[in-house]
Amino acid sequence: MRPLRWTIAGSLLLGALGCGQDRGADSWPISRAELEGGAAPGAAPGEATYRQYCIGCHGADGRGNGGTTGADFTGPASPLRAHADAELAVSVRDGKRGASASMPAHSPVLSDAQIAQVLAYVRAQFAR
Amino acid sequence: MAVFIGSDLQADQELTCDVCVVGSGAGGAHVAQRLATQNKRVIVLEEGGFHASEKFDMTERNMVPRLYQEAGGRGTADRSIQVVQGRAVGGTTVINWTTCFRTPERVMEVWREHHGVEGLTYASLVPHWEIVEKRLNVVKMTLEQVNKNNMVTWNGAKKLGWHADLLHRNVKHCAHTGYCGVGCPIDAKQSMLVTMIPEAVRAGADVYANAWVERIERDGRKCTKVIAKLRVPETDQPSGVTLTVKAKIVVLAGGGINTPALLLRSKVDANGRTGMRTFLHPAIGAVGMHQERIDPFVGSPQYVHSDQFVDRGADKIGMLIEGAPIFPMSFGSFVPSFGDEKQALMELMPNLSLTGVMLHDGFDHPDRNEGGHVTLTPAGKPRLDYRWTSRLEEGFKAAVDAAMRIQLAGGAKQVASPHPRYARNEQQIADVVATAPFGACQVPVFSAHVMGGCAMGTNERWSVVDSRTLRHHGFDNLFVIDGSVFPTSLTVNPQLSIYGLASWASEFVLQAVA
């Protein structure tokens, strides 16, 4: 991933400054492919939105955050079982206040289309 | 009994009250609450806007300009250190990361021994901290709550055999959304915006947002008027309306930088110490590139800290290690790389983890002018010059070394200094620290803690405020109750120190009103 032109320019610059290459150290960030040991799979629509706005409370596994906040999408009390997408979309859009935890309104940051995508992603991932 | 915004006043007004509080953050909100609940007529003047949590849209793009001083662009005059401070009703508590420490006893001992601080002791603050900690729900995090990002710092420190512990935070029903720095969207953070300010208003206080205090006027040892220029909430431009407050007692609580600047604008600086010894906890760190996704923007900003290098001997600057989050806008703007390298770094962001380190400035004993110096620009705005010393530079090297080693030990495949310079093993880390430049403007440094500038003490030649009451040496009815009174940095995140201090000092304000 490291562009050749930067390699050459960097070598020339370091040589000109007389500081030499730092004994085998990298001069460029590691590539994602090397980091992950293979190419990353294509992301499903809605996944990026889930990771940005939902994962903090609902968790990477959809089970909520330590059982204290964020509804568990996988259990018997999952809102995915109790509510249709149209109802859930309103909650995501306008927010929801509960006794022990709340969900912020996402209308400032997500369009209706993005909310629909993320709901589809959540159903596909966690409604088993 | 209300919160007014700049557009609510269409013509100049003059108001009277018992206590006028300038600033509504950690110090000002506590004083306002305490005095208002004792049936005193309180007016709070706040430069920033009034933003309820419904307006917090969880984006840096919109929230940083609204909630931060100088739209997030505050810094030292030479731009070597970026300074983040809040600017809103609730002050910096609206945007801080909720970490709570009591003032360390060893720091207060330095104040007593080297800065002439009498009256204010650790023991005198304990009962106030106990009240505040209960009211603001200060709780210690559990290891199960720690997010992946902070877990790297925890694991790295443990693997190196270094000290590591969990942090206390002032949160209630926290959903660990990670948006502390751009305003908690669910009011879980027990900031002044949702605690002391509402209590003060319910008890009868009036809060004026968008009210920038230009100056105070005096007659001998008496502060006679507070002059505020109102601003239009939507544009943050002057509205042309002047609000004048006549108060029996005036409390300055604008924080480091703003409070000394207000005193200087008011031409109150009898001994030339106003604005001197401003401290920043200059902060630096290192990122690690990890095989698994870390999502360093998910979860609360900070859960863990390490005291491993708090004391490195008197000739070296101490430092506190803490977990720290990575957000797209701040990461994108902070790391000085361009083009393809910037893109490569940003693409790695989900796999990055950050360890932060803040330096303990203010303890170089022979140096009376250590740290920063607040003066005024020709336009009357604050200017902060900060001395970049060899002691500081050595500290940055040690801090980056420690942070890189923690990330490596915590499982990173590659680690990067803030320059950025890259390493994959201990030898390469040593090479980076030895060869990378650490001079002013050669490495990005930021500060989230501004302290000092109106140092307290009992020696009127070397201090600005009397440490026995927090009354200004030059006035009978002017108090300074905020982070500007600390004679050194605190060595820990400041909010709880300011809460305790304000609770303690409120008693003296109350006595003065009576």
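From first to last, the protein sequence lines stand for chains A and B. Just so we're aligned: 64 in the numbering used here is position 64 of the first sequence, and the numbers increase by one with no gaps anywhere. Just so we're aligned: 1285 in the numbering used here is position 285 of the second sequence, and the numbers increase by one with no gaps anywhere. Beta carbons are placed, not taken as given, at the ideal position from N, Cα and C, and that holds for glycine. Bear in mind that the values here come from a model prediction, so they are computed numbers and not experimental data.
- Excluding residues up to 5 positions away in sequence, 1075, 1280, 1282, 1386, 1445, 1446, 1447 lie with their Cβ nearer than 7 Å to the Cβ of residue 1081(B) in the same chain.
- In this structure, residue 1271(B) lies away from residue 1049(B), with their beta-carbon atoms at least 8 Å apart.
- Of all residues in the segment 48 to 71 of chain A, the ones placed with a Cβ closer than 9 Å to any Cβ belonging to chain B are 51, 52, 53, 55, 56, 57, 60, 65, 66, 68, 69, 70, in chain order.
- Cβ atoms of residue 1064(B) and residue 1182(B) come within 8 Å of each other, at about 7 Å.
- Apart from the 5 residues on each side of it in sequence, residue 1322(B) sits with its Cβ closer than 6 Å to the Cβ of 1302, 1305, 1356 in its chain, given in chain order.
- Shortest Cα-Cα distance from residue 1288(B) to any of 1017(B), 1338(B), 1324(B), 1192(B) involves 1324(B).
- Using beta-carbon distances, residue 45(A) does not count as an interface residue toward chain B, since no partner is under 8 Å.
- Taking a beta-carbon distance threshold of 8 Å, residue 1416(B) counts as an interface residue toward chain A.
- DSSP lists 1229(B) as the bridge partner or partners of residue 1242(B).
- Excluding the 5 residues flanking it on each side, residue 1397(B) has same chain C-beta neighbours closer than 7 Å at 1433, 1438, in chain order.
- The C-alpha of residue 1244(B) is placed about 8 Å away from the C-alpha of residue 1012(B).
- At least one CB atom of chain B sits nearer than 8 Å to the CB of residue 37(A).
- Separation of the CB atoms of residue 1177(B) and residue 56(A) is rounded to 5 Å, and the pair is thereby assigned contact status at 8 Å.
- Contacts with chain A (Cβ-Cβ distance below 7 Å) from the segment 1175 to 1188 of chain B involve 1175, 1176, 1177, 1178, 1185, 1186, listed in chain order.
- In its chain, beyond the 5 residues on either side, 1318 have a beta carbon closer than 6 Å to the beta carbon of residue 1311(B).
- In the structure shown, the three-state DSSP call for residue 1481(B) is coil.
- Residue contact check for residue 112(A) against chain B: no CB pair falls below 8 Å.
- Every unbroken stretch of the beta strand (DSSP E) spanning 3 or more residues and falling wholly within the segment 1295 to 1371 of chain B is given here in chain order: 1304 to 1306, 1319 to 1324, 1352 to 1359.
- In this structure, the beta-carbon distance from residue 1411(B) to residue 1155(B) falls below 8 Å.
- DSSP places residue 1217(B) in the strand class (E or B) of the three-state scheme.
- Note that the C-beta distance between residue 1028(B) and residue 1251(B) is below 8 Å.
- Taking CB atoms only, residue 30(A) has a neighbour in chain B less than 8 Å away.
- Contact of residue 127(A) with chain B by beta-carbon distance below 8 Å is absent, the smallest such distance being about 22 Å.
- Scanning chain B for C-beta atoms nearer than 7 Å to the C-beta of residue 101(A) yields 1173, 1175, reported in chain order.
- The closest CA to that of residue 1481(B), considering only 1185(B), 1259(B), 1248(B), 1108(B), is found on 1259(B).
- Under DSSP, the beta-bridge partners assigned to residue 1169(B) are 1099(B), 1139(B).
- Exclusion of the five residues before and after residue 1256(B) leaves 1278, 1450, 1451, 1452, 1453, 1483, 1484 as the residues of its chain whose Cβ lies within less than 7 Å of its Cβ.
- Taking a beta-carbon distance threshold of 8 Å, residue 26(A) counts as an interface residue toward chain B.
- Contact annotation: residue 1294(B) and residue 1330(B) have beta-carbon atoms that are not nearer than 8 Å.
- Shown in chain order are the members of the segment 1422 to 1434 of chain B whose Cβ falls below 8 Å from a Cβ of chain A: 1422, 1423, 1424, 1427, 1428, 1431, 1432.
- For residue 1299(B), the residues of chain A that pass the 7 Å Cβ criterion are 56, in the order they occur in the chain.
- When DSSP states are grouped into helix, strand and coil, residue 58(A) belongs to the helix group.
- Straight across, the Cα-Cα distance linking residue 1026(B) with residue 1090(B) is about 7 Å.
- Inclusion of residue 1284(B) and residue 1443(B) in the CB contact set at 8 Å is warranted, their separation being smaller than that value.
- In chain order, 29 make up the part of chain A whose C-beta sits under 8 Å from the C-beta of residue 1345(B).
- Along the segment 1396 to 1413 of chain B, going in chain order, the ones with a CB nearer than 9 Å to a CB of chain A are 1413.
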